[in-house]
Structures are given as structure tokens and as C-alpha cells.
Amino acid sequence: MANKNQYAMLFDATRCIDCRACMVACSVENNIPMDKTRIWVSGIGVSGQYPNLTRSTMVYHCMHCLEPDCASACPVGAWTKREDGPVVYNSEVCIGCRYCMNACPFGVPKFDWDKGIVEGPLIDKCSMCAHRIDDGLEPACVATCPTDALVFGDREELIAEAHGRIAAHPDRYVNHVYGETENGGTSYLVLSHVPFKDLGLPEGIGDEPLNTLSEQYVGNTIPVALTWATVLGAVTAGVHTYKHKNHKAESLVKETAEAAEEEIQ
Amino acid sequence: MKLKIRLSEKLHLTPGITIMLILIAWGLFVAMVRYANGIGAVSNLNDTYSWAFWISFDLFCGVALGSGAFTMAAIIHIFEIERFKPLLRPAILTGFLGYVMVIVALLVDLGRPERIWHMIVYQNHHSVLFEIGICVMTYTTVLAIEFAPVLFEGLRLPKIAHMLHRIVIPFVILGVVLSTLHQSSLGGLLLIQRSTLHPLWWTPILPLLFFISAIVVGLGMVILESSLSSRALHRGLEISLLSELASYIPYGLGIYLLLKFADLAYFGDLHYLFSSGMMSVLFWLEIIVGAVVPIIMFSQAKIRNSANGLLIGSLFVVVGLMINRFNVSWFAVEHIRNLPLAPDFMTQTSYFPSFMEVSISVGIVAAGVLAFTLAAKYLPLFEEEEETAVHEKTSALPRIQVQSGD
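From first to last, the protein sequence lines are chains A and B. Counting in numbering that gives the first Met the number 0, the first sequence runs from 0 upward without gaps. Counting in numbering that gives the first Met the number 0, the second sequence runs from 0 upward without gaps.
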């Protein structure tokens, strides 16, 4: 299990006013062109039935899973879950295979499709501004947010805070903190007044990390290989001995018969 | 052993070879564009469809279709069923060329092909893809060693060839172990996609299903490749041997079907069989083409013993497997939209392979076919042709005529 005392972000959809300052702050901080933005603010529009209409907005970040599937899938270990929360990328080792993009159930990592072999394409995604955390600062998006729709802090404390908000206004929120348990827990937590599905968050991922089974599978590689090699070696030797014996027996019968024939003559 | 050295023979630029050369040249040109301007310049791959045609065709189909090499090596060297020996060398060569083709294709598909060696240095022991990478690299080397005797015979170095012959058994065992691992692991690669792969395909026993289907398609490929090369190279066809191989196929596919449907029943997914629209159609397509039809065809001795029956039956096995691998790695995967609900100009959510994307794969296949043709011409690929196949030739020919006369 990952470290309990790690940083996380809490997004409260009821507080977001769709101003998109976080997007701009992120692109400036991380020097990302706006068309390759790491976060995307999406106005979902009006939902519900008249007269109970609501507007909602979702801010998509990397979910910073406690047991990240990208990190489990990467053949060269380019992804690391830091002890203090962020899932970070090592651009020096990445081979550009894009298995992480396939493995991520949230569709987060992005690839430089327009870069040739000289520029060298890389994968990009939100890093929770790990370099700012190292300097004792909040992520740029959180620091910018004018309504505190995004807050940053200790994961356990943020979960308690989220449940506190639900308890204070049970009529306002869906009674669930998305990310508390999903995919084994994430360090990006979401509170919402509309169903999480409407915010574009995948449902049915389950609480067990997706990579549990595949990691068990890979863990069995060496024992399976050794057992299988032993079995095959034994079979080869067995078949060979058996055929050789039969062959010997056949030639022995033949020789005896020939000898007998000679004697008769 | 007879050596048939025909290096003096001139290579004529037949129409077939000319077409291959054109396809290869065009593929090379597209690859240059890809290296200069990026994967997006030649393919329609995008952040939502990060893996599609190349991975499904080059990796998933390519590795499975190369499995004839380990299947035949196991039959001949481990179980010592010597009568199949005439089929071994072409199968090993097909496997070797197949794996080289997979690696070449990955060098185009990888964003950073110059870092492919990173897999050996920066190992992530939790990654199924790491295991596959190591297995494929090692197994390609093993196949080269298994094929080396043929090369040395062709180069008139029978002593080295004979020496390699004597140490082949450990390499065969290593090859079977490596094949078992990575053929299964291609299924294992999809275990992590539980939330995105359709329940008709996702199951914890995906690795087992991949392994069984790889063995079956290995036999199918040996039959198909012998049938095709006998026609293209005007050789005899080892009908009795191929017929015996074909008779194993219904058993393999029977086990596969049993496991597949038992698994669907166990996880309570049977209701998806008819309720998932296009997914149900794709599922039944792969089951009928790849399993039901070949089982029916190859259970009948009459079809097994005819050259056309072998060709068509094995074609069904191979095409059915390709549909399965395309389904499981592309069509049945729910592609999570990158940045959900963002406008289309930022995140493309549709995908259809581009002409240039496909032409890279076509060029690689053409290079493989050309290499096989050259090997058949200049190397003692069909070593025991004189002893075994020639008398089959006489028995095979009338059958072909009977077929065409029908």
C-alpha cells in the first residue's frame, strides 16, 4: 500500500466557476503550448429536470493513483509514484511505446505525435507540479484558483474535509468522494453535485487497482519458466530413451534373426 | 546429406519480385517521412487511439503467426516425431522472418526506436510488456541459432552445420519456454485493461487462451505456408504430413472453444453474446471463422487429404486468429477519450488507419515474403524433399486434378 501521508488535490465541482485560470497557470508554469494543455476545464452545461436545473464544470487532471497503472505497465519504469503523492515521468528513459496510454483507465497520458526522431517525442501529463512541491509551494493550478474549487493538502485531511462538506450540505453533494477508493485510491479527489458519470469520470473501475492481476501474472514468470523447462527437459529425455530402447530392441531382434538364419544355412 | 548449392543461379526479376520491391521501396519512403516528421505525419493514431493498426497487425498477429516455429520444433525435437522433419526448416524460417518483421515494425511504431535497448537496462519487473520485449529479443536469437545450420549448409560449411545440429536440443527447449511465456503474455498485456476491454474478451485466462490459439495457428500457418510455397515454387506438397497436422487442429480449437464459453458462463457474461450489437457480431465472426469452420473442415478426412481443402481450411484458421487479435487489441477496446468532453479539435476520438500507415506494414510483409523466396531459392530449405516429398508429389498431383475437375 502506498504511503498514507501524501499530498493530494481536491476538486469541488460545486465551487468551480469555469474561469479556466488553472489551465493558463498550468501552461505558463510548465511551459506547455495551450493546444497540448495538461489540464482541461470542461463546461458540462445544464443538466437535470426543470425546475431543478444545474450547471457543472469539470477540471481534468492526472488522477495520481496510489497504485498507478501507467507505472505498472511501463516496460522501462519511466513512471514513478513519489512517496509524497505525484506520479512523475522520467523523459530520459521513455521509449515511446505508449502502453501507459493504453493502461491508464482515465485516458490521461498524451504523446507528441508531431515530433520526428530528431526532436524525440515524449509522453506528457500533469505532474502535480512536483518541482513546486519540492520548493514548498502548491501546484500552479491550485495557487491560481479564485474560488478554492481546487485545494491542495494532505490526502487523509482532504478526504476528511470532503466528507465534512458532504455532511454539512447533504442536499448539495452526491454522497461519495470520487478517488477515495477508485482504482485503489487516487490523489486527485472529486466532489460533485451531479453524477460522476456526467463529469466524464469512468465508473465501474472498481476499488481494486487494475494492475493487481497483471502484476501477479508477471510475478509468476520465473517459476513458470523454470517448471516448464524442467518438464520439457524430462519429456525430451524420456521420449529419447524410450525411442532409443525400442530401436535397440528392434535391432537386437533383427540381429538374432539374422544369426539364426546364418546358423540354419 | 545432400547439399544443393545453387548460388550460381541467377535471380530473375519476375513480376512477383518486382511488385515486392516496389512495395518495400514505398514502405521505406513512408518510414523516412515518419522518422522525419513524427508518427502523426504518416498515421491516424491519436491520443485516444494510441495503439491500433500497427500494434494489432504487426505485433499481435505477427507474433501469433510466427508460432509455427516453436510448435514444429517441439513436435520434432522434443517428441521426436521424425516424420514431420521436412516441415521443420520452412517453419523455423517463417518464424524467424516473422519475428524480425515484428521487431522492424516496432522500430517504426516506437516513439524513440533508438532507445529500444533501454528495455534491457531499465527493467520494470512489474510490466508485462517488459517480459514480452525480453522474450521476443531472446527468442529471435534462438530462432537464428535454430536456422543457422541451414545457412551453413548453404555456405558449404557442413562441419559447422553439423556441430550446430548437435547442440540444438537445449535451444529448442529454451525456444519453447520463451514462446510459451510471450505468446501468453500478449494476452497478459490486456489484463490491465479490465475496465476498457469488452467483457466478451476480457478474462483472467486471456494468457491461456492466447497460448492455445497460438499453438493452433502455428499448425495452421505451417499448412498454409506449405500450400502456398508449393504452388508458388512449384514443389511437391507433403499432403500426408499436412493432413496429420490438420487432424490435430480440431482438438486444439475444441479445447479453446470449451474454455472460452466455460469462462463466459463462469463470469456470467453469456448474455453479452447476443446483446452487444457490433461487439456480438465481431465475437461470432471470430468464433465461426477461426474455430467452427476449421473444426468442421478438418474433422473430415476427405478435406484434410486434398490440397485445396488444406489451403482453404488453414486460411480460415489464420484469418480467424487475425480477427481475434484485432478484436482483442483494438475493436473491442473502449478507447477512453483523452480529456473527456473536450472539443474535437483538441482530442480526436475517431480513428481509421491511413494509407501510409498500412503501407508500412505491407512493405514489411513484402520484405518477409521476398526473404522467404530468396531463402527457398538459395538455401537447402527443403532438405528432405527428395526422400519424402517426391513420392508424395506423384500421389498429390492426381488429387489436385480431381479437385479442379469437380
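Using N, Cα and C, we set each Cβ at its ideal position, and we do this for glycine too.
Is there a C-beta anywhere in chain B that falls below 8 Å from the one on residue i?
i, result
"VAL234(A)", "yes"
"THR53(A)", "no"
"MET0(A)", "Only weak support exists for where MET0(A) lies, its pLDDT of 47 falling under 50; the coordinates are left without a value."
"MET8(A)", "no"
"HIS239(A)", "yes"
"THR220(A)", "yes"
"PRO169(A)", "no"
"LEU190(A)", "no"
"SER71(A)", "yes"
"ARG81(A)", "no"
"LYS247(A)", "no"
"ASP17(A)", "no"
"ASN4(A)", "no"
"TYR187(A)", "no"
"ILE94(A)", "yes"
"ALA12(A)", "no"
"ASP134(A)", "no"
"SER126(A)", "no"
"ARG131(A)", "no"
Give me the Cβ distance between residue i and residue j, rounded to the nearest whole Å; I'm assuming they're in contact under 8 Å.
i, j, result
"LEU92(B)", "LEU369(B)", "The Cβ separation is near 13 Å, so there is no contact."
"LEU218(B)", "TYR247(B)", "6 Å"
"ILE38(A)", "MET57(A)", "So it is not a contact: roughly 10 Å between Cβ atoms."
"GLY154(A)", "TYR6(A)", "Correcting the residue type first, residue 154(A) is Arg in the shown sequence and not Gly. Contact holds; Cβ gap of about 7 Å."
"THR185(A)", "CYS96(A)", "Not quite, the Cβ-Cβ distance comes to about 24 Å (not below 8 Å), so this is no contact."
"LEU378(B)", "VAL149(B)", "5 Å"
"VAL407(B)", "LEU252(B)", "No statement about residue 407(B) is possible, as the shown extent of chain B runs from 0 to 405 and does not include it."
"CYS93(A)", "ARG33(B)", "Actually they are not in contact, since the Cβ atoms of CYS93(A) and ARG33(B) sit about 18 Å apart, beyond 8 Å."
Quick check on residue i - is its C-beta less than 8 Å from some C-beta in chain A?
i, result
"ALA90(B)", "no"
"ALA213(B)", "no"
"ARG165(B)", "no"
"ASN412(B)", "An answer regarding residue 412(B) cannot be provided, because it is not within the stretch 0 to 405 covered by chain B."
"PRO352(B)", "no"
"SER242(B)", "no"
"ILE118(B)", "Note that residue 118(B) corresponds to Met in the displayed sequence, not to Ile. By this cut-off, MET118(B) is an interface position."
"THR348(B)", "no"
"ASP268(B)", "no"
"ASP46(B)", "yes"
"GLU384(B)", "Confidence is the limiting factor: at GLU384(B) the pLDDT is only 47, short of 50, which leaves the residue's position unreliable, though a coordinate-based value still follows. So no, GLU384(B) is outside the interface."
"THR13(B)", "no"
"HIS124(B)", "yes"
"VAL327(B)", "no"
Do you know whose CA, among the options, lies nearest residue i's CA?
i, options, result
"ALA70(A)", "ALA139(A), LYS242(A), PRO208(A), GLU262(A)", "PRO208(A)"
"ARG191(B)", "ALA7(A), ALA72(A), GLN5(A), ILE31(A)", "Checking the sequence shown, residue 191(B) turns out to be Ile, not Arg. Measuring from the Cα of ILE191(B), the nearest candidate turns out to be ALA72(A)."
"VAL217(A)", "LYS376(B), SER183(B), ILE287(B)", "SER183(B)"
"SER213(A)", "SER126(B), LEU284(B), PRO249(B), MET136(B)", "SER126(B)"
"VAL230(B)", "VAL364(B), LEU142(B), ALA306(B)", "The question names Val, but residue 230(B) in the sequence shown is Arg. Cα-wise, what sits closest to ARG230(B) is ALA306(B)."
"ILE287(B)", "ILE322(B), ALA374(B), HIS164(B)", "ILE322(B)"
"ASN30(A)", "CYS125(A), LEU9(A), PRO85(A), ASN101(A)", "CYS125(A)"
"LYS109(A)", "TRP50(B), ALA213(B), ILE75(B), MET71(B)", "TRP50(B)"
"PRO249(B)", "ALA30(B), LEU12(B), VAL292(B)", "VAL292(B)"
"GLY205(A)", "PHE105(A), GLU262(A), CYS99(A)", "PHE105(A)"
"VAL150(A)", "LYS114(A), PRO169(A), LEU188(A), ASP170(A)", "LEU188(A)"
"ALA68(B)", "PHE170(B), VAL32(B), ILE23(B), MET296(B)", "PHE170(B)"
"THR36(A)", "GLU156(A), ASP111(A), ALA228(A), ALA166(A)", "ASP111(A)"
"ALA19(A)", "GLU66(A), ASN51(A), TYR59(A)", "Before going on, a small fix: residue 19(A) reads as Arg here, not Ala. For ARG19(A), the nearest C-alpha among the options comes from TYR59(A)."
"VAL117(A)", "HIS124(B), PRO157(B), MET31(B)", "MET31(B)"
"HIS76(B)", "HIS239(A), ALA256(A), LYS247(A)", "HIS239(A)"
"ARG324(B)", "GLU285(B), TRP116(B), GLU333(B)", "GLU285(B)"
"LYS301(B)", "SER239(B), LEU10(B), THR348(B), LEU207(B)", "SER239(B)"
"GLY183(A)", "THR229(A), HIS168(A), VAL27(A), ASN210(A)", "ASN210(A)"
Please name the residue or residues paired with residue i in a DSSP beta bridge.
i, result
"ARG54(A)", "VAL45(A)"
"PHE10(A)", "LEU149(A), VAL189(A)"
"CYS64(A)", "THR185(A)"
"TRP39(A)", "TYR59(A)"
"PHE110(A)", "ILE122(A)"
"LYS80(A)", "VAL86(A)"
"TYR48(B)", "DSSP, once it has assigned bridges, lists no residue as partnering TYR48(B)."
"TYR177(A)", "VAL189(A)"
Stretch-stretch touch, CB-based, cutoff 8 Å, three pairs: the region 77-84 of chain B with the region 37-48 of chain B: no
Count Cβ pairs between the region 131-146 of chain A and the region 88-101 of chain A that sit closer than 8 Å; are there 3 or more? no
Between the region 266-285 of chain B and the region 230-240 of chain B, do three or more beta carbon pairs fall short of 8 Å? In short, these stretches do not touch, since the Cβ pair count stays below three.
Cβ contact (3+ pairs, closer than 8 Å) linking the region 137-154 of chain B and the region 139-157 of chain A: no
Please determine if the region 328-335 of chain B and the region 14-24 of chain B are in contact, where contact requires at least 3 C-beta pairs separated by less than 8 Å. no
Do the region 169-182 of chain B and the region 127-139 of chain B meet, that is, are 3 or more Cβ pairs less than 8 Å apart? yes
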